[in-house]
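Here the structure is laid out as structure tokens; the discussion comes afterwards.
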Amino acid sequence: MRGSVPGLVSPHPIGQQLPAMYLEDDFAQRFTAGLDEVLAPILLTLDCLDAYFDLALAPPDFLDWLAGWVAAPLDGDGPPEVRRELVRRAVEVHRWRGTARGVALAVRVATGATVEITDSGGVTWSATPTDAPPPDEVPEVRIRVPGYVDEALVRQVVASAVPAHVRVTLETQP
């Protein structure tokens, strides 16, 4: 996280803004210099606050904080470009969560791989409430990924994107 930066100069030294009688007072200047050292990182952060919210420029630790705001599952050890893309696409991934399209999008954003998804799908309904209930079928999603993709990462992403009652079969292609 943000901390003190050795040798950082304040853009607005407090000692220079004091009344004239304190400009040559050694104690007042040393005291305000200490305040400047504490406030300089805060002032400089506020001066470029817009860059913190730009995903292309945000510092890595702030990127992790932004990911928490959009519920993007970030791995702190991943490459910065992948982490930035996960945060950038988080809202779109959440919009399609629980659908075949959402699973494919989540895996593609997290791994960069194009996946093939087969969904058992299907919906049953009845115009009359007295009809027999639909048969109990366990929904299944079959996912095919290229062999170079990290299987553990794919399983983690799929687990967060697929409804809990859906059975998932992951196939790795050579």
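Using numbering that gives the first Met the number 0, you'd call the opening residue of the sequence shown number 0 and step up by one each time.
Think of the CB as a built atom: it goes at the ideal place given N, C-alpha and C, for glycine as much as any other residue.
Practice prompt. Whole angstroms is fine: what's the gap from arginine 88's alpha carbon to serine 125's?
Written response: 38 Å
Q: Starting from the C-beta of tyrosine 235, find all residues in its chain whose C-beta is less than 7 Å away, skip the five residues before and the five after it, and write them out in chain order.
A: In the structure as shown, the chain begins at 0 and stops at 173. Residue 235 is therefore absent and cannot be evaluated.
Checklist entry - Ordered along the chain, which non-local residues of its own chain (more than five positions away) have a Cβ less than 7 Å from that of alanine 32? => result Gly14
- Please go through the same chain and pick out, in chain order, the residues whose beta-carbon is closer than 8 Å to the beta-carbon of glycine 6, but skip the five residues on each side of it. none
What does a CB cutoff of less than 7 Å around histidine 11 pick up in its chain, not counting 5 residues either side in sequence? Leu42
### Query
Do the stretch 88–105 and the stretch 62–75 meet, that is, are 3 or more Cβ pairs less than 8 Å apart?
yes
Nearest-angstrom Cα separation, counted from proline 79 out to aspartate 195: No information on residue 195 is available, as it lies outside the stretch 0 to 173 that the chain covers here.
Worksheet entry | Alpha-carbon spacing of arginine 107 relative to aspartate 60, whole angstroms | 24 Å
| request: For serine 9, count neighbouring Cβ atoms within 10 angstroms of its own Cβ and tell me buried if that reaches 16, exposed if not. | output: buried
Worksheet item: Using a Cβ-Cβ cut-off of 6 Å (strictly less than) and excluding sequence neighbours within five positions of alanine 103, which residues of its own chain qualify?
Response: Val114 and Ile116
ask   = Where DSSP assigns a beta bridge to leucine 169, which residues make up the other side?
value = Ile142
What's the gap between the Cα of alanine 112 and the Cα of valine 37? 46 Å
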